[in-house]
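Structure first, then comments.
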Amino acid sequence: MSIEFAQYLVERLKQCGVKYVFGVPGDYNLELLDYIERDEHLVWVGNANELNAAYASDGYARVKGGLAAVITTFGVGELSALCGIAGALAERVPVLHIVGAPSRALQSSSALLHHTLNLPTSFSTFSTMSRPLSCSQALLNEIEPRDPSTWTDALDMVLKDVLEQCRPGYVEIPTDAVHHKVSADGLKKLLPSPHAAPPNESFAASQPVGSSSDVNPNAPASAKGQPSQAPSDDVTEYVVEEITERFAKAKKPIIIVDACAGRFGMAGEVRKLVEKCQIRFFETPMGKSLLDEHHPLYGGCYAGANSLQPVREEVESADFVLFVGALKSDFNSGSFSVNIDPKITIELHSFTTNVGYASYPTTDIRHILPLLVPSFGKVHSARSEPHGESLESKIKSGRMEPQLVEPKGEEIKHKWFWQRMGRWFADNDIIITETGTSSFGLINVPLPSHSTYVAQILWGAIGWSVGAALGCALAATEQKPRRTVLFVGDGSLQLTLQEIGTMIRHGVKPYLFVINNDGYEIERQIHGWTAKYNDIQLYDHQMLLPFLAGKKSKVPYESVAVHTPAELEALLTNEAFAKDDKIRLVEVYMPRGDAPEGLIRQAKLTAEANEKASEK
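The numbering of the sequence shown is UniProt numbering, which starts it at 1 and goes up by one.
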């Protein structure tokens, strides 16, 4: 059976679990969007701009735990989205970037079209610019459809790479390819889940981002994203035995959970390992909320020198560290201050397993971790007393129970604010924080057991969180009832606040906590305490919801400003406020210069790192 290529794409998106499709219409993608609009399952979101669309797709994919799709037009549209696509690459988020392009005939004739650069290379420049930000590309203009499956095979290869690698992929669709008839046979072959190990192959990352991240530092800089050789059963068995032997000898074993444990769906396997063997576990800032932070075996958030002292002492005194999905960026590691002996560390990555100083590149997290559960379980069962001391003693010695510090004075300050917010969150809330005071404020606040924490700690694009909150809120509509809660600073909000209008248009009702502290506080903490470049034009935030909703919207909204701890306390204890039956903007006034302790420590570490670098 043959179908139009655009319909094939629609069916593939639905097979991958996509419901909401993000993007902005443009004349080169309009006919493609017709297929999205008339499909009964897919919903075209329609963002305020392409950058926001990319941010929204990022948030959607994180909460869904699967694929997101963003559609832009050729040239001006796709370039606008690239900052968001780059963030998805850096933080391992599976986003398919679909670009509507001029027809093959117009491209081959080098016609001087709008959205081109007036250069001989106009039609290849933009896809070339996207290549380093994509794990895989399919450029239909460069693929001659010799048979009905050529284009569909190319699309499927990109989707397969995106899902296996949890990275963005790029597909360029000329206008004349939209209606081109292709074979539908490919739809009978299901694509891999990002949460399942490929049955016959392990994958290698296609782009080196850094040797300390969950990427392959030795992988070729190829846009094809070719998988590595199939993992050897003998090698896998040897690695599991080697790790188990080390665990059996350990007196103080711990597990550290990081970002890629979540990206590749391994949080559940880690929890099995923790509970079966009663192992203490910790999270990094990028691994926050992947496991239950109220679990009796949870020890806290570890980020090197930017950790609470009891956490740092316990982690760095361990004699066996299983580091699951490590992504050791500066803000995720306290400016690279992780102080754990490599000799006692096992790192499970998406492309390899490191045991001490040895590396096994034909193994990966999705093959090794499930095998460790029964293997460690045998060791644990054979022990008369786990790890030489009682579990209760171990928990008592390291368990943190943060106390709510009563506010002093009439100003809302970070030391009280974040702990108080932690007690307001509901069990399965989605909590999004902007890079800055917000993300650092919640690092050491235990979140509810079934909550989802969303933060862009590595890429750290200012304004990302507002677009991401839209994607998160839409993803939440596909799940059991969940509240979406955003924390964003007054400066960051100004970059992407248009997407609040999109939230209203689609009827989602997140809580928007806007931290009003008169400018870019994270920058002031790092450098420029009184510099004017850290100042912003102050908006009247109480006018945003009425302005963006307009006079015809029927979506209920509420806007409130709180200046004192008493006012915030009254709001948070109001039962009506706890119900997400309207979109709410809560403007929280905080004094300029105040910041969470974690941000102050990180700012100092960053400044010291910058000074050392300049000295060299």
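Yeah, the Cβ is synthetic: ideal placement off N, Cα and C, and Gly gets one too.
Does DSSP put residue i in a helix, a strand or coil?
i	result
residue 152	helix
residue 504	helix
residue 60	helix
residue 558	strand
residue 577	coil
residue 445	coil
residue 498	coil
residue 170	strand
residue 454	strand
residue 482	coil
residue 301	strand
residue 282	strand
residue 324	strand
residue 354	strand
residue 264	coil
residue 513	strand
residue 488	strand
residue 181	strand
Rounded to a whole number of angstroms, what is the C-alpha to C-alpha distance between residue i and residue j?
i	j	result
residue 141	residue 352	35 angstroms
residue 13	residue 157	14 angstroms
residue 364	residue 59	26 angstroms
residue 474	residue 20	7 angstroms
residue 416	residue 143	59 angstroms
residue 132	residue 126	11 angstroms
residue 29	residue 584	34 angstroms
residue 33	residue 154	20 angstroms
residue 505	residue 69	19 angstroms
residue 262	residue 327	12 angstroms
residue 463	residue 495	5 angstroms
residue 260	residue 277	22 angstroms
residue 215	residue 543	Caution applies to residue 215, whose pLDDT of 45 falls short of 50 and renders its modelled position unreliable; the value that the coordinates give is listed next. Straight-line Cα distance between these residues: approximately 45 angstroms.
residue 280	residue 159	37 angstroms
residue 183	residue 149	5 angstroms
residue 151	residue 51	28 angstroms
residue 44	residue 36	7 angstroms
residue 605	residue 489	22 angstroms
residue 609	residue 186	52 angstroms
residue 572	residue 493	22 angstroms
residue 264	residue 247	24 angstroms
residue 607	residue 173	46 angstroms
residue 170	residue 242	40 angstroms
residue 371	residue 240	7 angstroms
residue 335	residue 304	8 angstroms
residue 225	residue 163	Since pLDDT at residue 225 reaches only 34, below the 50 mark, its modelled position is unreliable, and no value is offered.
residue 342	residue 323	11 angstroms
Here's the rule: buried if 16 or more other CB atoms are within 10 angstroms of the residue's CB, otherwise exposed. What is residue i?
i	result
residue 409	exposed
residue 382	exposed
residue 190	exposed
residue 472	buried
residue 6	buried
residue 603	buried
residue 546	exposed
residue 349	buried
residue 1	exposed
residue 38	exposed
residue 245	exposed
residue 590	buried
residue 601	buried
residue 374	exposed
residue 137	buried
residue 405	exposed
residue 566	exposed
residue 451	buried
residue 575	exposed
If you measure from the beta carbon of residue i to each beta carbon in chain B, is any gap under 8 angstroms?
i	result
residue 280	The structure shown contains no chain B, having only a single protein chain.
Suppose only complete runs of 3+ residues qualify. What are the beta strand (DSSP E) ranges in the stretch 64-131, listed by chain order?
Segments of the beta strand (DSSP E) lying fully in the stretch 64-131: 68-73, 95-101.
Decide if the stretch 283-300 is in contact with the stretch 256-265; the criterion is three or more beta carbon pairs, one per stretch, under 8 angstroms apart.
Judged by Cβ distances under 8 angstroms, the stretch 283-300 makes contact with the stretch 256-265, as three or more pairs qualify.
Does the stretch 594-611 come within contact of the stretch 434-449, defined as at least 3 CB pairs closer than 8 angstroms?
In short, these stretches touch, since the Cβ pair count reaches three.
So does the stretch 260-274 actually touch the stretch 424-432, counting three or more Cβ pairs closer than 8 angstroms?
Under the Cβ criterion (8 angstroms, minimum of three pairs), the stretch 260-274 does not count as touching the stretch 424-432.
With three or more C-beta pairs closer than 8 angstroms as the rule, is the stretch 533-540 touching the stretch 515-525?
A contact exists between the stretch 515-525 and the stretch 533-540.
Inter-stretch contact at 8 angstroms, needing at least 3 Cβ pairs: the stretch 87-97 / the stretch 112-120
With the cut-off at 8 angstroms, the stretch 87-97 and the stretch 112-120 do not touch.
Go through the stretch 15-48 residue by residue and report every complete run of the beta strand (DSSP E) that reaches 3 residues or more, in order.
Fully enclosed beta strand (DSSP E) runs of 3 or longer: 20-23.
Should the stretch 477-488 be regarded as contacting the stretch 77-94, the criterion being three or more beta carbon pairs within less than 8 angstroms?
In short, these stretches do not touch, since the Cβ pair count stays below three.
Under 8 angstroms: do the stretch 331-348 and the stretch 105-114 share three or more Cβ pairs, one atom per stretch?
The stretch 331-348, when compared against the stretch 105-114, does not touch it at the 8 angstroms Cβ threshold.
Count Cβ pairs between the stretch 287-298 and the stretch 352-361 that sit closer than 8 angstroms; are there 3 or more?
Contact fails: fewer than three Cβ-Cβ distances are below 8 angstroms.
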